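For the sequence shown, our numbering assigns the number 106 to the initial residue and increments by one for each residue that follows.
Positions of the beta carbon are idealized from the N, C-alpha and C atoms, including for glycine.
Values in this document were obtained by computation on a predicted structure and should not be read as measured data.
Read the structure below first, then the notes.
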Amino acid sequence: MGAEKDELRTRLLSLREGMDPAVARRESAAVCGVLGADPVYQEAEKILFYMPHKGEVDLRPLMELGWREGKQVVLPRSLPRTRELELYRIESFRDVAQGTYGIREPVPTAGNRVAPEEVELVVVPGVGFDKAGYRLGYGGGYYDRFFAGPGGDAIRIGAAYSFQWVSTVYPEPHDQPLNGVATPSGICKVERQGDTWRDQ
Numbered sequence: 106m107g108a109e110k111d112e113l114r115t116r117l118l119s120l121r122e123g124m125d126p127a128v129a130r131r132e133s134a135a136v137c138g139v140l141g142a143d144p145v146y147q148e149a150e151k152i153l154f155y156m157p158h159k160g161e162v163d164l165r166p167l168m169e170l171g172w173r174e175g176k177q178v179v180l181p182r183s184l185p186r187t188r189e190l191e192l193y194r195i196e197s198f199r200d201v202a203q204g205t206y207g208i209r210e211p212v213p214t215a216g217n218r219v220a221p222e223e224v225e226l227v228v229v230p231g232v233g234f235d236k237a238g239y240r241l242g243y244g245g246g247y248y249d250r251f252f253a254g255p256g257g258d259a260i261r262i263g264a265a266y267s268f269q270w271v272s273t274v275y276p277e278p279h280d281q282p283l284n285g286v287a288t289p290s291g292i293c294k295v296e297r298q299g300d301t302w303r304d305q
């Protein structure tokens, strides 16, 4: 299974790297529109986003919408030693700087720290996503640890280009499933035992 997972990751990363920038912008805008129209987004007050890195779905237009609507826009900061995430609220894109792995992360300030338990919705980046709600990441396990621990109560939605939506990502026992995946054509919501959010 490990070899299949690595092969899938390599293939999907290659496809993303080769995307036409115009297609990436169009699909990113569509994903933002799909998420922004969903009640899960509309009802959430504190939302954990991410800054796009190396061609990931660009959610900055949705973050800007969140500010206009009075929502709290939260970003993760990676802690490589423990492979955990710290969360900080940002008021504008001026509040970010290049951090771990070259990813733009929030500049940490005591007043903007957000407890993981306060976040209601997490929009998750990834390399691929499958129909059972599992995510193929980059191998660091940051989000799996977050969802298995303090961020476990938040609704989790993956943000995917059309080609990132696959039949399986070969999940392993430690992988934490999402509640759904937002693609340019809509959100597929996954029903899981014990969840309060159901497929519409």
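Closest by C-alpha distance to residue 154, out of 185, 238, 239 and 197, is 197.
With fewer than 16 other Cβ atoms from the protein chains shown falling within 10 Å of its own Cβ, residue 267 counts as exposed.
Out of 149, 287, 249 and 178, the CA that lies nearest to the CA of residue 200 is found in 178. Every beta strand (DSSP E) stretch that sits fully inside the region 214 to 277 and reaches 3 residues is listed by chain position as 226 to 229, 233 to 235 and 260 to 264. According to the DSSP secondary-structure assignment, residue 193 is paired through a beta bridge with 180 and 218. In the three-state DSSP reduction, residue 209 falls in the strand class (E or B).
For residue 235, the CB contacts under 7 Å within the same chain, skipping 5 residues up- and downstream, are 271, 272, 273 and 274 in chain order.
Boundaries of the beta strand (DSSP E) harbouring residue 286: 285 to 288, taken from the DSSP string. Distance between residue 108 and residue 189, taken at the CA atoms: about 26 Å.
Residue 162 sits in coil when the DSSP states are folded into three classes, being neither helix nor strand. By the Cβ rule, the region 215 to 227 counts as touching the region 249 to 264, because three or more pairs are nearer than 8 Å. Residue state for residue 149 is assigned as coil, using DSSP reduced to three classes. Taking the C-beta atoms as reference points, residue 264 is found no nearer than 7 Å to residue 128. Less than 7 Å separates the beta-carbon of residue 149 from that of residue 225.
In the pairwise beta carbon analysis, the region 209 to 218 is classified as touching the region 166 to 186: at least three pairs are separated by under 8 Å.
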